[in-house]
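Heads up: the sequence shown begins at 14 in my numbering, then just goes up one per residue.
C-beta atoms are modelled at their ideal positions from N, C-alpha and C, and glycine is treated no differently.
Treat the numbers as computed from the prediction; the structure is a model and nothing was measured.
This report refers to the structure that appears directly beneath it.
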Amino acid sequence: MHLALLHPGAMGSTVGQSLVDAGHIVSWLPEGRSAVTQARAVQFQSFATLSDLINAKPDGIISVCPPAAALATAQMVANALAEAEFKTIYVDANAVAPITAATSAEWFGEHYVDGGIIGPPALQAGTTRLYLSGPRAAEVARWFSAGAIQAIALSEGGLTAASALKMAYAAQTKGSSALLMLVNAMAEQAGVHDALQAEWALSQPDLQRGSERTAARIGPAAWRFAGEMEEIAATCTALGLSADFHHGAAAIYASLADLKGRSDVTLAEVIEMLARPTV
Ligand SMILES: NC(=O)c1ccc[n+]([C@@H]2O[C@H](COP(=O)([O-])OP(=O)(O)OC[C@H]3O[C@@H](n4cnc5c(N)ncnc54)[C@H](OP(=O)(O)O)[C@@H]3O)[C@@H](O)[C@H]2O)c1
């Protein structure tokens with residue numbers, strides 16, 4: 014099969030690699046993408062334009078991009094498919110709210126498959142799941158017959174169940190990470206950071222050990238997590254729940270956006286950035 018991937022980021026490139034491992038041809042669009050993405054995509058076939066890609070009649074298109082860009086990417090593809098009068102499966106595997114996914118679903122109709130990825134970029138088997146939902150979810154799951162990604166078609170929760178599951182999972186993991194960073198900054202500003210670390214070492218050693226590790230992990234991707242937190246807030250609102258916690262987490266991640274792509278982020282640096290007055 015020919016499957017198109019938009020785009021081969023840290024996660025997307027491993028989704029593409031799993032499809033290659035399963036014997037598929039994977040294509041992508043270099044136009045507008047950074048050198049980092051281009052370097053990750055050397056094993057994929059490139060097309061100069063989206064209409065060239067669509068004229069090659071892919072069996073499916075998978076979107077793995079920053080959550081804040083998911084709708085624009087879906088709309089661009091839907092418009093190009095309509096122009097070419099061609100229909101194909103569109104998998105939106107981004108961390109977006111079910112209501113965002115439902116908007117994309119309207120553009121693709123019965124060919125829309127919802128997705129949500131849980132786990133790190135799939136460099137080895139057993140680490141990363143691609144949850145899928147919608148009438149054609151089982152069909153898409155079969156694309157991943159080999160490779161490191163485990164694809165799971167959900168049988169409950171309706172068309173956007175995969176997004177709902179991803180939102181619930183990330184609300185806890187990334188919400189907790191934002192809270193941990195905020196608490197560290199609060200203790201530092203109050204002059205009790207060493208005392209808090211000492212108390213955590215006694216009573217909650219995971220928090221003490223995890224603070225530095227969490228800063229290093231979330232710093233480089235904080236710019237992207239801000240959009241994901243807003244999608245979680247929208248999910249809460251749509252369900253009649255308070256969105257305040259995750260709006261707050263979005264603000265925390267947004268204030269760390271300048272750490273994008275860095276590999277040497279420290280807790281001290283995160284604390285310093287969080288303590289900076291906002292303008
Ligand atoms: N990384 C993880 O551990 C992880 C885990 C679970 C789920 N996910 C999900 O996977 C998706 C992508 O994550 P990732 O780690 O692959 O991110 P990433 O490494 O930042 O890659 C994002 C990809 O999208 C491209 N992109 C950037 N801005 C864009 C825009 N405005 N419109 C369209 N494409 C754009 C990037 O190209 P450039 O190189 O040009 O910027 C890159 O190819 C997200 O929805 C995320 O929630 C990731």
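Residue i bridges to which residues according to DSSP?
i: Asp-127; result: Asp-105, Ser-146
i: Ile-74; result: Ala-17, Tyr-103
i: Ser-59; result: Trp-41
Got a sec, what are the start and stop residues for the alpha helix (DSSP H) residue i sits in?
i: Ala-164; result: Counting along the chain, Ala-164 falls outside any alpha helix (DSSP H), though it belongs to the beta strand (DSSP E) covering 163–166.
i: Ala-246; result: 235–251
i: Ser-26; result: 25–34
i: Phe-121; result: 111–121
i: Glu-285; result: 280–288
i: Glu-169; result: Segment: none, Glu-169 is in no alpha helix (DSSP H) and carries neither H nor E.
i: Thr-140; result: Looking at the DSSP string, Thr-140 is not in any alpha helix (DSSP H), and its letter there is neither H nor E.
i: Phe-258; result: 257–267
i: Arg-53; result: 48–53
i: Glu-212; result: 206–216
i: Pro-84; result: Checking the sequence shown, residue 84 turns out to be Leu, not Pro. Run containing Leu-84: 83–97, per the alpha helix (DSSP H) assignment.
Report all residues from its chain with a CB closer than 8 Å to the CB of residue i; omit the five preceding and five following residues, and keep chain order.
i: Ser-64; result: Ala-93, Glu-96, Ala-97
i: Gln-137; result: Ala-161
i: Thr-140; result: Gly-132, Pro-133, Ala-161
i: Met-286; result: Ser-268, Leu-269, Asp-271, Leu-272
Among the residues of its own chain, which have a CB less than 6 Å from the CB of residue i, if the five just before and after it don't count?
i: His-15; result: Ile-38, Pro-71, Asp-72
i: Ile-284; result: Asn-197, Ala-198, Glu-201
i: Gly-29; result: Leu-18, Pro-21, Val-39, Phe-57
Using a Cβ-Cβ cutoff of less than 7 Å, which residues in the same chain neighbour residue i once the five nearest sequence positions on both sides are dropped?
i: Ala-81; result: Gly-240
i: Tyr-266; result: Ala-191, Ala-235, Phe-238, Ala-239, Met-242
i: His-260; result: Ala-246
i: Gly-274; result: Pro-233
i: Asn-107; result: Ser-76, Val-77, Cys-78, Pro-80, Ala-83
i: Cys-249; result: Ser-255, Ala-256, His-259
The beta strand (DSSP E) spanning residue i covers which residue range?
i: Ser-40; result: 38–41
Can you confirm whether the stretch 204–217 touches the stretch 71–87 when touching is taken to mean that 3 or more C-beta pairs between the two stretches lie within less than 8 Å? no
Please confirm if the stretch 115–125 is in contact with the stretch 169–184, defined as three or more CB-CB distances below 8 Å between the two stretches. yes
Determine contact between the stretch 174–188 and the stretch 121–129, defined as no fewer than three beta-carbon pairs at a distance below 8 Å. yes
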